[in-house]
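Chemist: Structure incoming, see below.
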Amino acid sequence: MRARLLLLGIGAAALGGGGYWWWSAPHGSRHGQAALAQTEAILALGPRPPGSNALQAVRERLRSQLQAAGWVSVGQPFERSTTLGMMKFENLRARFADGDADAWQRPVKGLLCAHMDSKLFKHEVFLGADDAASACGAMLEIARVLAQDSPQLAKQMELVFFDGEEALEENITAFDGLYGSRHYASAWPEAAAKPAFGVLLDMVGHKDLAIRLPSDTPDSLRDAVLAAAKKEGAGKHFDVAQGAIIDDHTPLVRAGIPMVDIIGDFSNRHWWHTPADSRSLLSADSLEISIRVTLDVLDGQLKRQ
Ligand SMILES: [Zn+2]
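Throughout the sequence shown, residue numbering follows the working numbering, covering 10 to 314 in sequence.
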């Protein structure tokens with residue numbers, strides 16, 4: 010905190026001394042700072058594996074923050090048999106209310122999703138700061154911006170916070186992990202009108218931001234993200250991964266919804282799924298980039314015929 014105060018001081022001095030501050034940071038990182046504050050509030054609740062009191066507290070906090078921004082939310086509880094026995098999970102869905110009592114009746118064009126659980130570690134404290142509290146923080150800020158600046162676009166969206174993305178054992182398998190997204194996706198094949206696209210955020214706040222889109226991302230969504238990154242002057246932080254990635258988008262793709270997973274590089278990273286995934290990894294500037302690129306992508310996709 011002390012270092013940040015010092016940096017703020019330098020920024021103010023630069024502003025007083027001429028235009029350097031604006032030249033070096035053309036956008037500032039207002040959205041990134043807001044998302045970081047939301048992320049910190051989630052992390053303050055402690056590790057949040059499925060079924061924990063902390064995860065319930067996170068859900069309640071997300072609900073209240075969404076409500077303050079004009080969104081209505083509803084829990085989607087379900088139970089699953091797991092290697093740890095029968096477990097209860099609960100996704101959180103949100104739609105923009107805008108005084109409209111039928112928020113849940115209208116079809117939506119786009120999904121924006123992230124997972125709110127942190128991986129269960131039996132003997133170590135794992136906060137999952139970038140995996141994926143930061144994505145939840147980013148989603149709250151995106152929800153606020155959409156509601157304020159683009160209510161007509163907000164009305165075409167559904168936000169989903171998944172429970173149980175992380176496997177209870179070490180790795181995601183056909184039976185373990187993606188609990189919330191598998192359950193959520195199972196309702197869509199029967200739906201009359203499916204969303205035209207979805208965006209999943211995961212690990213989008215790392216200070217060394219290196220987004221790697223899964224190689225099997227649909228061309229139009231991949232191109233939209235890369236073009237948005239270029240437009241935001243952040244092209245160097247975005248690329249395509251060597252292969253496909255299994256994440257919460259996978260069940261939705263199988264349900265027939267084209268998805269892009271805006272996911273930070275976690276391959277060969279020493280911090281991934283270790284207690285090192287803590288607040289010190291995160292950067293408001295990285296969150297700012299991820300938020301701006303996501304907003305650009307949503308804007309473009311929602312305005313497409
Ligand atoms: Zn993870």
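Ideal placement from N, C-alpha and C gives every residue a C-beta, glycine not left out.
Please report the distance separating the alpha-carbon of Ala34 from that of Gln47.
Modeler: In this predicted model, Ala34 has a pLDDT of only 46, less than 50, meaning its place in the structure is not dependable enough to derive any value.
Chemist: Could you have a look at Gln310 and say whether DSSP puts it in helix, strand or coil?
Modeler: Note: Gln310 maps to helix in three-state DSSP.
Chemist: Looking only at its own chain, which residues have a Cβ that is under 7 Å from the Cβ of Leu15, when we skip the five neighbours before and after it?
Modeler: In this prediction, Leu15 has a pLDDT of 41, which is less than 50 and means its spatial position is unreliable; nothing more can be read from the coordinates.
Chemist: Take the Cβ of Gly119 as the centre, count every other Cβ of all protein chains shown within 10 Å, and call the residue buried at 16 or more, exposed below.
Modeler: Gly119 should be labelled buried.
Chemist: Name the DSSP beta bridge partners of Trp80, please?
Modeler: Phe105, per the DSSP bridge assignment.
Chemist: Assuming Trp281 and Asp126 are in contact, meaning their beta carbons sit under 8 Å apart, how far apart are those beta carbons, in whole angstroms?
Modeler: That belief does not hold up - the Cβ atoms of Trp281 and Asp126 are roughly 16 Å apart, past 8 Å.
Chemist: Nearest to Arg70 by alpha carbon, out of Lys128, Cys145, Ser224, Phe275?
Modeler: Here the closest residue by C-alpha is Cys145.
Chemist: Note down, in chain order, each residue of its chain lying with its Cβ closer than 8 Å to the Cβ of Glu178, except the 5 sequence neighbours on either side.
Modeler: Same-chain partners within the cutoff: Thr92, Asp185.
Chemist: Of the choices Pro260, Ala236, Ser159, whose alpha-carbon is the least far from that of Lys245?
Modeler: Comparing Cα-Cα distances from Lys245 to each of Pro260, Ala236, Ser159, the minimum goes to Ala236.
Chemist: According to DSSP, is Ile198 part of a helix, a strand, or is it coil?
Modeler: In the sequence as presented, Ile is not what sits at residue 198; that position holds Pro. It is helical.
Chemist: Going by other Cβ atoms of all chains shown within 10 Å of its Cβ, with 16 needed for buried, is Trp32 buried or exposed?
Modeler: With a pLDDT of 40 at Trp32, under the threshold of 50, the modelled position of that residue is not reliable, and the figure given next carries that caveat. Classification for Trp32: exposed.
Chemist: Would DSSP call Ile254 helix, strand or coil?
Modeler: In the structure shown, Ile254 sits in coil (DSSP, three-state: anything other than H, G, I, E or B).
Chemist: Ends of the beta strand (DSSP E) at Val169?
Modeler: Here the beta strand (DSSP E) through Val169 covers 166–171.
Chemist: Between which two residues does the alpha helix (DSSP H) harbouring Arg221 extend?
Modeler: Not the alpha helix (DSSP H): Arg221 falls in the beta strand (DSSP E), residues 220–222.
Chemist: Under a three-way DSSP split, which group does His192 fall into?
Modeler: Residue state, collapsed to three classes: helix.
Chemist: Given this structure, state the Cα-to-Cα distance separating Lys128 from Ala176, to the nearest angstrom.
Modeler: Those two C-alpha atoms are separated by around 7 Å.
Chemist: Taking Cβ positions, are Phe170 and Ala123 nearer each other than 8 Å?
Modeler: Yes; because the gap between Cβ atoms is below 8 Å, this pair is in contact.
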